[in-house]
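> To start, I am sharing the structure in question, which I have written as structure tokens.
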Amino acid sequence: MTTPTIAAAAPRRPSSKHRLELAVHLGALIPVAVFFVDQWLGRASPDLIRDLTLRTGFAALIFLLLSLSVTPVVSLSGLGALNPLRRWLGIYSFVYALIHLSIFVALDYGLDPAVLADALLQKPYALAGLGAFTILLPLAATSTDAFQRRLKRNWKRLHRAVYLAAALVIVHFVWLVKPGVLDPWWYAGVLAVLLLLRVRPIRRWIASWHRRSA
Ligand code: HEM
10 MTTPTIAAAA
20 PRRPSSKHRL
30 ELAVHLGALI
40 PVAVFFVDQW
50 LGRASPDLIR
60 DLTLRTGFAA
70 LIFLLLSLSV
80 TPVVSLSGLG
90 ALNPLRRWLG
100 IYSFVYALIH
110 LSIFVALDYG
120 LDPAVLADAL
130 LQKPYALAGL
140 GAFTILLPLA
150 ATSTDAFQRR
160 LKRNWKRLHR
170 AVYLAAALVI
180 VHFVWLVKPG
190 VLDPWWYAGV
200 LAVLLLLRVR
210 PIRRWIASWH
220 RRSA
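Counting from 10, one number per residue, gives the positions in the sequence shown under my numbering.
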């Protein structure tokens, strides 16, 4: 009679999915690290609240655009392994947007509802930012697998609103800079390209180009 052998527990190696996700988690800490390095080197702005507002707003925008880039990059490169990163990049965009908004509400306006309401009405850029945040909130809240299963096709419909949120962030950025400052327009250009790559005939053309080159 043979005795059952106990398979030696092989050490589990991280899969490429986990390695990619770890890279995103570490990447999400870059803005924090840059902030501390700038403080240490004395390069940070003396106006700490404005400095933090600009840094967190910028990080939220970059993560949002990176999240929107995943689908076009996957369809152009065929690297399906990048797909799970879309969710994390979107969540980090939301986290930075939440910190950005909290700084505005708590540090800049001292949590005073009357002053805040006044600021929102008098500063159209803040209203556009609030519009973007209001869209990002339910998207972040329903980003789990469980919600994706529960909402079925509606989940995709709901999550398409991320393009509207991104457009509002660009409007927010355009309205807050001085006339003639071109920075927001670079990001508007990136968003326009990402939107174009989502247009059905262009997606079909990319798919057929892939089939031909395969
Ligand atoms: C109620 C919502 C929001 C408010 C009140 C708000 C407020 C502000 C303020 C006060 C500034 C700095 C203006 C200045 O001093 O020059 C700013 C900049 C910015 N915000 Fe927001 N924001 C909101 C939402 C958002 C969201 C959701 C995003 C992105 C997802 C975002 C992205 C940005 C960007 C990219 C900048 C410019 C950063 C730079 O110049 O590098 N904001 N926002």
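Don't be surprised by glycine CBs; every beta carbon is placed ideally from N, CA and C.
For Ala201, name the three-state secondary structure that DSSP assigns.
Here Ala201 sits in helix by DSSP.
> Using the Cβ count rule (16 or more neighbours within 10 Å means buried), how would you classify Val208?
With fewer than 16 Cβ atoms within 10 Å of its Cβ, Val208 is classed as exposed.
> Taking only three categories from DSSP, how would you classify Gly87?
DSSP places Gly87 in coil when its eight states are reduced to three.
> Inspect the CB distances between the segment 191–205 and the segment 153–168 and report whether three or more fall short of 8 Å.
No: the two stretches stay apart, fewer than three of their Cβ pairs being nearer than 8 Å.
> Thinking C-beta only, is Ala175 closer than 8 Å to Leu200?
Yes, the Cβ-Cβ distance between Leu200 and Ala175 is below 8 Å.
> Please confirm whether Ala197 and Ile211 have their CB atoms less than 8 Å apart.
Contact flag unset, no.
> Roughly how many whole angstroms lie between the Cα atoms of Ala223 and Leu125?
Cα to Cα, the separation comes out at about 56 Å.
> Would you mind working out which of Gly140, Leu98, Leu148 and Gly89 sits nearest Ser25, comparing C-alpha positions?
The shortest Cα separation from Ser25 among Gly140, Leu98, Leu148 and Gly89 belongs to Gly89.
> Compute the minimum distance between the beta carbon of Leu57 and the heavy atoms of the ligand HEM, and state whether it is under 7 Å.
No, the Cβ of Leu57 stays beyond 7 Å of every heavy atom of the ligand HEM.
> Along the chain, which unbroken stretches of the beta strand (DSSP E) at least 3 residues long are found entirely within the segment 143–173?
For the segment 143–173, not a single whole beta strand (DSSP E) run of length 3 or above is found.
> Does DSSP put Pro40 in a helix, in a strand, or in coil?
Helix, per DSSP.
> Rounded to a whole number of angstroms, what is the C-alpha to C-alpha distance between Ile71 and Ser102?
About 7 Å.
> Is Phe113 near the ligand HEM, with its Cβ less than 7 Å from a heavy atom?
Yes, the beta carbon of Phe113 sits closer than 7 Å to at least one heavy atom of the ligand HEM.
> So Tyr101 is in the alpha helix (DSSP H); what residue range does that whole segment cover?
Per DSSP, Tyr101 belongs to the alpha helix (DSSP H) from Leu94 to Ser111.
> Tell me which residues share the same chain as Leu110 and place their Cβ nearer than 7 Å to its Cβ, disregarding the 5 neighbours each side in the sequence.
Cβ neighbours of Leu110 beyond the five flanking positions: Phe142.
> How would you label Gly119, buried or exposed, when you count the other beta carbons within 10 angstroms and need 16 or more for buried?
Per the 10 Å Cβ criterion, exposed.
> With 16 other CB atoms within 10 Å as the buried threshold, where does Val79 fall?
Answer is buried; the Cβ neighbour count reaches 16.
> What whole-angstrom Cβ distance do Gly99 and Ser76 have, given they're in contact under 8 Å?
Indeed they touch by this definition, with Cβ atoms about 4 Å apart.
> Note down, in chain order, each residue of its chain lying with its Cβ closer than 8 Å to the Cβ of Leu130, except the 5 sequence neighbours on either side.
The residues are Leu136.
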